[in-house]
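What follows is a short report on a single structure.
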Amino acid sequence: MDGERIEGTWRHAFIRNAGTYFLTDLLIYADGMIDCWGLVTLDEFATKLSSGWVATELTDGAQASAHHLASWKFAEPYTWLTPEMLLGEIRDDIDQLNDRPDSTDRCLETLDVFRGQPTEDNRAVLRKAYEAIPEHLRIYALGDQDSKDWPLRVLVAGPGNHVDQYGEDEVVTDETHAAALDYFIDREQQRQRYENKAPADGPTEPIETSILINQTFFPRGWPQDPGILVLRNEFPAPILVGEQSYPTVTHAYWALAVADDHQRAEILVADTPHAAQKIAENSTLHVSWPQARTAAMAHLLRIKFSQHPDLAEALTATGTTRLIYTEASSTFWGQCGVEGRNWMGRLLELIRSEQAVSGLDVHL
4 MDGERIEGTW RHAFIRNAGT YFLTDLLIYA DGMIDCWGLV TLDEFATKLS
54 SGWVATELTD GAQASAHHLA SWKFAEPYTW LTPEMLLGEI RDDIDQLNDR
104 PDSTDRCLET LDVFRGQPTE DNRAVLRKAY EAIPEHLRIY ALGDQDSKDW
154 PLRVLVAGPG NHVDQYGEDE VVTDETHAAA LDYFIDREQQ RQRYENKAPA
204 DGPTEPIETS ILINQTFFPR GWPQDPGILV LRNEFPAPIL VGEQSYPTVT
254 HAYWALAVAD DHQRAEILVA DTPHAAQKIA ENSTLHVSWP QARTAAMAHL
304 LRIKFSQHPD LAEALTATGT TRLIYTEASS TFWGQCGVEG RNWMGRLLEL
354 IRSEQAVSGL DVHL
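Residue numbers for the sequence shown, in my numbering: 4 to 367.
Structural data, given as structure tokens:
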């Protein structure tokens, strides 16, 4: 809208027009506008619901249509939502699109207040917040498949009051109320244990700062100490693949990639890795190379670091940090700005991990 992007979401709905029910996409936007065959505000949408334009009840035998898909007549239709339920869901959608607490979040916030100060005034606030959750969604408020929202309903009702349990009217006793309070104490303790628990085999994310392996050109030749750049494919570390020697991993990779023997020979004697790549770019590659390239590169890297122990030590010295390999010519192998799949960085991390395994007293 006017060059501004407004986030949104959607859901299916029936629009009732001239006695026919049209299955359509109801579009809900973060600014509170809803498209139901025309943009309306939330209040206007509530009117559309109450009038039956956006239908939550379907007439038996009525004509229905899905544009360019099918048409049919309803036979014993049954719907799950009332207008109030659907309106409540959409209010929650708008809150979520704006990163605001929705009705369930607000209820759980008032629950925390009640647990801290279990007064009747706070219970009344909790009850109001609970009832603000769309009725069909209340059962999911605690995210507990076993207890459902039972402990919450017990606290909302309070001792001496009635609560429905599996269709039976049950009186909340002091013991039941205390058990509900204990449920939330245990729930909080479990949550904290889960949040504080570290994976047994190490952290999910590296603790160290990521290492950038920048693509760098040296027109006058590589410096005596290139540092971390020894991990790059164009670093002059000759490798022997079978009976063929290659000046760099880059030379080997592109020589394996091309389908023509003459062009492979040209790549082998190319003055620089960049020149080798240019030859390959103007050559025909093996048909299945896109599927094979990752395995081929991994094989070449294993050869490089097995034949150059000093370079293997440089790789091992990076610890468990994330390796970011920049590559202007390929966002598959490297990263360029914020774009890129960084497969070279991932493969280097894999080879580093394999080196670590080789130093362990384990048999794989």
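Using N, Cα and C, we set each Cβ at its ideal position, and we do this for glycine too.
Measuring straight from C-alpha to C-alpha, what distance separates residue i and residue j?
{"i": "residue 189", "j": "residue 182", "result": "10 Å"}
{"i": "residue 361", "j": "residue 168", "result": "59 Å"}
{"i": "residue 79", "j": "residue 147", "result": "33 Å"}
{"i": "residue 45", "j": "residue 171", "result": "37 Å"}
{"i": "residue 291", "j": "residue 106", "result": "53 Å"}
{"i": "residue 266", "j": "residue 283", "result": "8 Å"}
{"i": "residue 305", "j": "residue 333", "result": "21 Å"}
{"i": "residue 70", "j": "residue 346", "result": "44 Å"}
{"i": "residue 274", "j": "residue 339", "result": "25 Å"}
{"i": "residue 186", "j": "residue 154", "result": "7 Å"}
{"i": "residue 73", "j": "residue 66", "result": "11 Å"}
{"i": "residue 55", "j": "residue 132", "result": "27 Å"}
{"i": "residue 194", "j": "residue 259", "result": "52 Å"}
{"i": "residue 61", "j": "residue 201", "result": "52 Å"}
{"i": "residue 64", "j": "residue 15", "result": "21 Å"}
{"i": "residue 223", "j": "residue 263", "result": "32 Å"}
{"i": "residue 31", "j": "residue 308", "result": "55 Å"}
{"i": "residue 235", "j": "residue 363", "result": "27 Å"}
{"i": "residue 3", "j": "residue 126", "result": "No statement about residue 3 is possible, as the shown extent of the chain runs from 4 to 367 and does not include it."}
{"i": "residue 47", "j": "residue 166", "result": "35 Å"}
{"i": "residue 158", "j": "residue 196", "result": "25 Å"}
{"i": "residue 138", "j": "residue 344", "result": "44 Å"}
{"i": "residue 349", "j": "residue 77", "result": "55 Å"}
{"i": "residue 179", "j": "residue 109", "result": "24 Å"}
{"i": "residue 250", "j": "residue 278", "result": "12 Å"}
{"i": "residue 231", "j": "residue 12", "result": "46 Å"}
{"i": "residue 19", "j": "residue 8", "result": "30 Å"}
{"i": "residue 271", "j": "residue 356", "result": "30 Å"}
{"i": "residue 281", "j": "residue 10", "result": "43 Å"}
{"i": "residue 294", "j": "residue 300", "result": "12 Å"}
{"i": "residue 145", "j": "residue 124", "result": "22 Å"}
{"i": "residue 89", "j": "residue 102", "result": "20 Å"}
{"i": "residue 21", "j": "residue 81", "result": "21 Å"}
{"i": "residue 377", "j": "residue 246", "result": "It is not possible to answer for residue 377, since the shown part of the chain is limited to 4 through 367."}
{"i": "residue 342", "j": "residue 297", "result": "19 Å"}
{"i": "residue 33", "j": "residue 87", "result": "20 Å"}
For residue i and residue j, which I take to be in contact (beta-carbon distance under 8 Å), what is that distance rounded to the nearest angstrom?
{"i": "residue 252", "j": "residue 287", "result": "The Cβ separation is near 22 Å, so there is no contact."}
{"i": "residue 130", "j": "residue 209", "result": "Actually they are not in contact, since the Cβ atoms of residue 130 and residue 209 sit about 47 Å apart, beyond 8 Å."}
{"i": "residue 59", "j": "residue 85", "result": "6 Å"}
{"i": "residue 239", "j": "residue 257", "result": "At roughly 16 Å, the Cβ-Cβ gap does not stay under 8 Å, so residue 239 and residue 257 are not in contact."}
{"i": "residue 104", "j": "residue 112", "result": "7 Å"}
{"i": "residue 244", "j": "residue 317", "result": "Actually they do not touch by this definition, with Cβ atoms about 21 Å apart."}
{"i": "residue 330", "j": "residue 218", "result": "6 Å"}
{"i": "residue 314", "j": "residue 328", "result": "So it is not a contact: roughly 15 Å between Cβ atoms."}
Measure the CB-CB distance between residue i and residue j and report whether it falls below 7 Å.
{"i": "residue 310", "j": "residue 354", "result": "no"}
{"i": "residue 17", "j": "residue 29", "result": "no"}
{"i": "residue 142", "j": "residue 152", "result": "yes"}
{"i": "residue 23", "j": "residue 68", "result": "yes"}
{"i": "residue 160", "j": "residue 175", "result": "yes"}
{"i": "residue 303", "j": "residue 255", "result": "yes"}
{"i": "residue 276", "j": "residue 237", "result": "yes"}
So that I know if they touch, is there some Cβ in chain B lying closer than 7 Å to that of residue i?
{"i": "residue 182", "result": "Here there is only one protein chain, and chain B is not present."}
Measuring only from the beta carbon, is residue i closer than 6 Å to any heavy atom that is part of the ligand HEM?
{"i": "residue 328", "result": "Absence of the ligand HEM is noted for the structure shown, with no ligands found whatsoever."}
**Item:** Runs of beta strand (DSSP E) lying entirely within the segment 194-230, each at least 3 residues, in chain order
**Value:** Counting whole runs of 3 or more residues, the segment 194-230 contains the beta strand (DSSP E) stretches 214-216.
**Prompt:** Which whole runs of the beta strand (DSSP E) in the segment 14-66 are 3 residues long or more, in chain order?
**Reply:** Those beta strand (DSSP E) runs which fall completely within the segment 14-66 and span 3+ residues are 23-32.
**Message:** Closer than 8 Å is the cut-off here; do at least three beta carbon pairs connect the segment 85-103 with the segment 37-47?
**Reply:** Yes: at least three Cβ pairs fall under 8 Å.
**Asked** Quick one: complete beta strand (DSSP E) runs, 3+ long, within the segment 102-187?
**Response** The qualifying runs are 165-168 and 171-174.
**Asked** Any contact of the segment 320-332 with the segment 210-221, i.e. 3+ C-beta pairs under 8 Å?
**Response** Yes, the segment 320-332 is in contact with the segment 210-221.
**Request:** For the segment 96-103 and the segment 117-131, state whether three or more C-beta atom pairs, one from each stretch, are separated by less than 8 Å.
**Result:** Cβ pair count under 8 Å is below three, so no.
**Request:** Note down, one range per segment and in chain order, each alpha helix (DSSP H) of at least 4 residues found wholly within the segment 253-317.
**Result:** Counting whole runs of 4 or more residues, the segment 253-317 contains the alpha helix (DSSP H) stretches 264-271, 276-284 and 292-310.
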